[in-house]
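Remarks on the structure that follows.
Numbering (UniProt numbering), first residue to last: 1 to 635.
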């Protein structure tokens, strides 16, 4: 490298300053994480060059053997991680090493727990791996040249982590990047060959790029007892075989887990994985993982998610979303296809028939993996559901072809357990259905408490009929696309006429008809008072302990859907509900005997507002409700 010219000093982005301070002064547990991250970055640079060189072979510059090298200089107390990958230009060095995504950084800081070991493992997950260098170094020098650029177009980036960095033009003969760590006084362990080999073996054995270390000349005894000097050489210290290309029976669970952590930058073990090689009309290998916990960006549907795509062992792209539906965006993994062209792009993938077939196969593989987990280990599946259940609920709307398989994986709370734990499957519900029951009943509310205490459940509880309790925001969307399961219709207990079918005997039906006739006058009188505020007033057969409730017309918009639209800023069409009255309740009997029209009107409005409050969780005019209630209490 020649002397630096055109030197500039830049200030770090504010978030980087915070991060550097954390690296330098807080994260001292599991310090070797820096080497995992830097080797991973170097391997990615090699993968990117390999892909770009498919269309621009001159980028190899007559050096096609890609590798990562570690070089120790004990006198200077430096450790250099060097690669001959894609490299960086001056502008790229400033952009990539001086700024980081604000959203990712903010989330990184929010996830810090104070546990040194755990927090250090967050580094790679949030895209801040390079800055882990400052855990062990008090100065970092990066010398890089982009593949294909002239030798004098190299760049030297340098910082002591105090808030600024310098960038200078330098000459660099070989393409790629050298990260030179000037180690802190107390970090001498990383100048030890054996320590570095141990860390490489632990974290980087499975990456497909060779990691090499310099082996010093040594004296050896040859045949005949003569002493010979073996010259120094670069020795490969990792296996450098892509793990997914190996036979599954030859791979240990520990190796699968280490590869998962390399792939996902997660610090927890994966919950489950499936490794398959398919031959025949299509040839591909997939290694798919289900994480144990949700990533920080799970709910950002715009964030790129997907599989790492290889074609014939050549890296093509990260986050290839075309092979995994959005409702399975938590899945991590690798897909290596022999059928796609090496020059495949995201645009080509969109309309490619092979892509559609691979997507279908990978989706089925994940759903089968989850079904097996649910069958074999209920506790593990419950852990999965707590993390990813709400994402999986998007499935029936997005993936009609696999709706039945997804439905079997769904879990709910129900009146059977009287608990807010969502562990009831639709199969278990059907297995417990009463003898003459032909429908699956559910209710959607704002919370578990609101659902479990809803007046709409009173008759069903009395008859011992189980009801699924739903309260997550996605549930209304889910149930609008999940109309039946194993031939059984799913019915909301808050909609229209509650049809119990053969669960009601002839005597009960006659009693309902008689009640409706007996109180027809009361119903007509209430309907006149509330004209324009409700769609209909009628006698209820679903209530046993509550005086009134509101229900949605069979084809009307539910309260929960209205709230979702309001929260999304969407215009909500005017909706009138049906008011049902329980004539056997004392309040209704009081109402029926009320001769004063004004007070009768107040009671009617109070019964409607009570029902709306129970169903919708709020009122348009709560002050008016309170005033009306106080007035009647004092009457």
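C-beta: ideal position from N, C-alpha, C; glycine also. As the structure is a prediction and not an experimental result, all values here were calculated from the model.
Item: Pairwise C-alpha distance: residue 546 and residue 329; Value: 44 Å
Item: Buried versus exposed call for residue 630 [16 or more other C-beta atoms within 10 Å across all chains shown]; Value: exposed
Item: Closest Cα partner of residue 297 within the set 290, 305 and 291; Value: 305
Item: Alpha-carbon spacing of residue 59 relative to residue 5, whole angstroms; Value: 25 Å
Item: Residue nearest to residue 270 in terms of C-alpha spacing, selected from 286, 333, 315 and 458; Value: 333
Item: Backbone secondary structure at residue 172 - three-state DSSP; Value: coil
Item: Any non-hydrogen atom of the ligand ADP closer than 6 Å to residue 482 Cβ; Value: As presented, the structure is devoid of all ligands, the ligand ADP included, so that no description of it is given.
Item: Residue 41 - containing alpha helix (DSSP H), residue span; Value: 33-52
Item: Residues of its chain near residue 101, where Cβ-Cβ distance is below 6 Å and the 5 sequence neighbours each way are ignored; Value: For residue 101, the predicted model reports a pLDDT of 41, less than 50, meaning its position is unreliable; a value from the coordinates is still stated below. Cβ within range, chain order: n/a, list empty.
Item: Exposure label - residue 507; buried when at least 16 CB within 10 Å; Value: exposed
Item: Residue environment, residue 541, which counts as buried when at least 16 other CB atoms sit within 10 Å; Value: buried
Item: Outcome for residue 299 when other beta-carbon atoms lying within 10 angstroms are tallied against a minimum of 16; Value: exposed
Item: The segment 73-84 contacting the segment 231-239, beta-carbon criterion three pairs below 8 Å; Value: no
Item: Rounded C-alpha distance that separates residue 483 from residue 325; Value: 21 Å
Item: Same chain, Cβ closer than 6 Å to residue 97, neighbours up to 5 away in sequence not counted; Value: 157
Item: Touching by the beta-carbon criterion (3+ pairs, under 8 Å), the segment 444-460 and the segment 425-435; Value: no
Item: Beta-carbon proximity list for residue 422, same chain, < 6 Å, skipping 5 on both sides; Value: 411, 412 and 413
Item: Residue 469 and residue 451 closer than 7 Å at C-beta; Value: yes
Item: Unbroken beta strand (DSSP E) run spanning residue 579, endpoints; Value: 578-581
Item: Where the beta strand (DSSP E) containing residue 315 begins and where it ends; Value: 314-320
Item: Simplified DSSP state of residue 283, which is helix, strand or coil; Value: coil
Item: Same chain only: Cβ atoms within 7 Å of residue 94, ignoring 5 sequence neighbours per side; Value: 10 and 167
Item: Segment limits, alpha helix (DSSP H) that includes residue 439; Value: Unbroken run through residue 439 is the beta strand (DSSP E), 439-444; no alpha helix (DSSP H).
Item: The alpha helix (DSSP H) enclosing residue 630, as first and last residue numbers; Value: 622-634
Item: Rounded straight-line distance, which links the Cα of residue 448 to that of residue 27; Value: In this predicted model, residue 27 has a pLDDT of only 49, less than 50, meaning its place in the structure is not dependable enough to derive any value.
Item: Inside the segment 389-447 only - beta strand (DSSP E) runs reaching at least 3 residues; Value: 439-444
Item: Distance, residue 295 Cα to residue 108 Cα; Value: Residue placement at residue 108 cannot be trusted, given a pLDDT of 49 that sits under 50; what the coordinates show is reported in the next sentence. Spanning the two alpha carbons is a distance of roughly 11 Å.
Item: Same chain, Cβ closer than 6 Å to residue 282, five either side skipped, listed in chain order; Value: 339
Item: Sequence-distant residues of the same chain with beta carbon closer than 8 Å to residue 394, five excluded per side; Value: 326, 327, 474, 477 and 478
Item: Straight-line Cα distance separating residue 162 from residue 425; Value: 55 Å
Item: Sub-7 Å separation of residue 81 and residue 43 beta-carbons; Value: no
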